[in-house]
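Following: one structure in structure tokens, then a few remarks.
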Amino acid sequence: MTHFFSTFTKILGSLTAILTFIIIIGLIISFINRSSDKSSFTYLQGDKASANKIAILNINGPIISEPTNFYNITGMGNFDAIYPSLIENYLIDLQQEEVLGLIVSINSPGGSVSASHTIYNLFNQFKIKNNIPLYFYSTDMLTSGAYWVSLSANKIFTNYGALIGSIGVKGPDWIYYNSPTSLSTGLFGNAVESPKGIELFSNTAGISKDILNPFRQPSKKEISQLQNMVNNIYNDFVNLVSSNRKIEKNIVVNEIGAMIYNSKEAQKHYLIDGQKNINETIEVMAKELNLDNTNIISNNKKNLFNFQKFNFFMNVLDNKQYTLNENLINKKFCNNIKNEFSVTTFNFYNSMC
Numbered sequence: 037m038t039h040f041f042s043t044f045t046k047i048l049g050s051l052t053a054i055l056t057f058i059i060i061i062g063l064i065i066s067f068i069n070r071s072s073d074k075s076s077f078t079y080l081q082g083d084k085a086s087a088n089k090i091a092i093l094n095i096n097g098p099i100i101s102e103p104t105n106f107y108n109i110t111g112m113g114n115f116d117a118i119y120p121s122l123i124e125n126y127l128i129d130l131q132q133e134e135v136l137g138l139i140v141s142i143n144s145p146g147g148s149v150s151a152s153h154t155i156y157n158l159f160n161q162f163k164i165k166n167n168i169p170l171y172f173y174s175t176d177m178l179t180s181g182a183y184w185v186s187l188s189a190n191k192i193f194t195n196y197g198a199l200i201g202s203i204g205v206k207g208p209d210w211i212y213y214n215s216p217t218s219l220s221t222g223l224f225g226n227a228v229e230s231p232k233g234i235e236l237f238s239n240t241a242g243i244s245k246d247i248l249n250p251f252r253q254p255s256k257k258e259i260s261q262l263q264n265m266v267n268n269i270y271n272d273f274v275n276l277v278s279s280n281r282k283i284e285k286n287i288v289v290n291e292i293g294a295m296i297y298n299s300k301e302a303q304k305h306y307l308i309d310g311q312k313n314i315n316e317t318i319e320v321m322a323k324e325l326n327l328d329n330t331n332i333i334s335n336n337k338k339n340l341f342n343f344q345k346f347n348f349f350m351n352v353l354d355n356k357q358y359t360l361n362e363n364l365i366n367k368k369f370c371n372n373i374k375n376e377f378s379v380t381t382f383n384f385y386n387s388m389c
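To convert, take the position in the sequence shown, counting from 1, and add 36; that gives my numbering.
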């Protein structure tokens, strides 16, 4: 027994040391990345000396309210997720750049309703405040909450083969365990078993305070209330599509629906303005601004430390070849799908629920 505890203590100490090292490196790299340049944007192409700046803002991944605290500690928050504070920081940098136009290049299946709405407002306010054209562009996926965000744009373009649409809302899941005998929980799938079933005792005050409790069936009133909330958000989404894309509401609801379309079909339904690559999109904006030459800047700046490509740590952590970053994102994304109101293309990401 003594040998077991001695070995366990050594292993725990080693893991703690590794984690501490990663956190320290993350903090150092995060500080370097933030302080090394005054702006997140650097020259990409065109006439570098020209004052006719057009910015390309690249954002990818699910839309979440905020990264986890572990993201912030390790400096991993800028990878594969879109959240309001990230967009705010980029827009602050763009304010200093004095750009004449902004192209947001986005690939996302959507995510949190509140985050999508907030980011839509951020882009819309930036466009109005600076009186500049705002375009959205996607190479692969512009669906659900991502499409909601793109409605802030003057024009929307996508590459051939991109997926667009999914104009719908999903409420939280209420999973009811009918006579359960076991539950799996934890990172490694720990199981709890009981031959007489599992009982839950909780202390609450107020009708429906324990809403979404999986150990009781929902009442008709609770189901109705949840559906009303989903309907209200959906109506706001439909109204936004209708007003910003000039499509009648009944067409959005009854013809377009929450289906996903390719770029050709999406253009027929007036969800986008055309199929173009990024350079063609830049040309359209330059023509709108009557610019003979342009200075294209972009946030395509590589961080010095990329946890997604830290293969050694990835292999030690998970032999299924998931990166730590992917695991954290998927867990956050799963929570959005299961427990919040979301505008998400369902089951796009690997399930970590």
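Idealized CB from N, CA, C, for every residue including glycine.
(request) Answer with buried or exposed for D328, where buried requires no fewer than 16 other C-beta atoms within 10 angstroms of its C-beta. (result) exposed
(request) Give me the Cβ distance between N335 and L93, rounded to the nearest whole Å; I'm assuming they're in contact under 8 Å. (result) 6 Å
(message) Taking the beta carbon of P103 as the centre, do at least 16 other beta carbons fall within 10 Å, making it buried, or is it exposed?
(response) buried
(request) Indicate whether G201 and M295 have their beta-carbon atoms separated by less than 8 Å. (result) Yes, Cβ-Cβ distance for G201 and M295 is below 8 Å.
(message) Let's see if you can read the secondary structure: which residues bound the beta strand (DSSP E) around G146?
(response) G146 to S148
(request) Have a look at I10 and S188 and give me their C-alpha separation to the nearest angstrom. (result) The chain is shown only over 37 to 389; residue 10 falls outside these bounds and no answer can be derived.
(message) Taking the beta carbon of I155 as the centre, do at least 16 other beta carbons fall within 10 Å, making it buried, or is it exposed?
(response) buried
(request) Hey, could you find the ends of the beta strand (DSSP E) T194 is sitting in? (result) Start and end: K191 to T194.
(message) Less than 8 Å between the C-beta atoms of F172 and I203, yes or no?
(response) No, they are not a contact pair.
(request) Please report how far the alpha carbon of K345 lies from the alpha carbon of M321, in whole angstroms. (result) For K345, the predicted structure reports a pLDDT of 36, less than 50, and the residue's modelled location is therefore unreliable. The matter cannot be settled from this model.
(request) May I have the straight-line CA-CA distance separating L130 from V140, to the nearest angstrom? (result) 12 Å
(request) With a threshold of 16 other CB atoms inside 10 Å of the CB of T52, please say whether the residue is buried or exposed. (result) exposed
(request) Let me know if Y297 comes out buried or exposed under the rule of 16 or more other beta-carbons within 10 Å of its beta-carbon. (result) Only buried fits Y297, as 16 or more other CB atoms lie within 10 angstroms of its CB.
(message) Given this structure, state the Cα-to-Cα distance separating G293 from T78, to the nearest angstrom.
(response) Each residue's alpha carbon lies about 40 Å from the other.
(request) Pull up the distance between the alpha-carbon of I168 and that of R252, whole angstroms please. (result) Taking the straight line joining both Cα atoms gives about 53 Å.
(request) Determine, using beta carbons only, whether S299 and Y196 come nearer to each other than 8 Å. (result) yes
(message) With DSSP as the reference, identify every bridge partner of L276, one or two as the case may be.
(response) None, per the DSSP bridge assignment.
(request) Quick one: residues in its chain with C-beta nearer than 8 Å to the C-beta of N271, no 5 flanking neighbours on either side, listed in chain order? (result) Sequence-distant partners of N271 (beyond 5 residues in either direction) whose C-beta falls short of 8 Å from its own C-beta are missing from its chain.
(message) Cutting at 7 Å between CB atoms, please list the residues of its own chain near F88, excluding the five before and the five after it.
(response) The identity of residue 88 in the sequence shown is Asn, whereas the question assumes Phe. The answer, listed in chain order, is L136, L327, N329, T330 and N331.
(message) Quick check: Y306 and I269, are their CB atoms within less than 8 Å of each other?
(response) no
(request) From the DSSP output, in three-state form, read off N361 for me. (result) At N361, the pLDDT of 48 sits below 50, so the modelled position is not reliable and the matter cannot be decided from this model.
(message) Helix, strand or coil, according to DSSP, for S141 in the structure here?
(response) Secondary structure of S141 (DSSP, three-state): strand.
(message) Can you tell me whether K245 is buried or exposed? The criterion is at least 16 other CB atoms within 10 Å of its CB, across all chains shown.
(response) exposed
(request) Return the CA-CA distance between F273 and S148, expressed in angstroms with no decimal places. (result) 13 Å
(message) Less than 8 Å between the beta carbons of L262 and G207, yes or no?
(response) yes
(request) Assign L56 to buried or exposed, taking buried as 16 or more other Cβ atoms, counted over all protein chains shown, within 10 Å of its Cβ. (result) Sequence check: residue 56 is Thr here, not Leu. The residue in question, T56, is exposed, as its Cβ has fewer than 16 Cβ neighbours within 10 Å.
(request) Identify every residue that forms a DSSP beta bridge with G201. (result) T179 and I296
(request) On the DSSP bridge assignment, give the partners of T330 in chain order. (result) Partner(s): none; T330 has no beta bridge.
(message) With DSSP as the reference, identify every bridge partner of N94, one or two as the case may be.
(response) S141
(message) Can you tell me where the beta strand (DSSP E) holding L170 begins and where it ends?
(response) L170 to S174
(message) Can you tell me whether I54 is helix, strand or coil according to DSSP?
(response) I54 falls in the helix class under three-state DSSP.
(request) Using three-state DSSP, classify K312 as helix, strand or coil. (result) coil
(request) Can you have a look at A198 and say buried or exposed, based on whether 16 or more other CB atoms are within 10 angstroms of its CB? (result) buried
(message) Please list the terminal residues of the continuous alpha helix (DSSP H) segment that includes Y306.
(response) Per DSSP, Y306 belongs to no alpha helix (DSSP H) and is neither H nor E.
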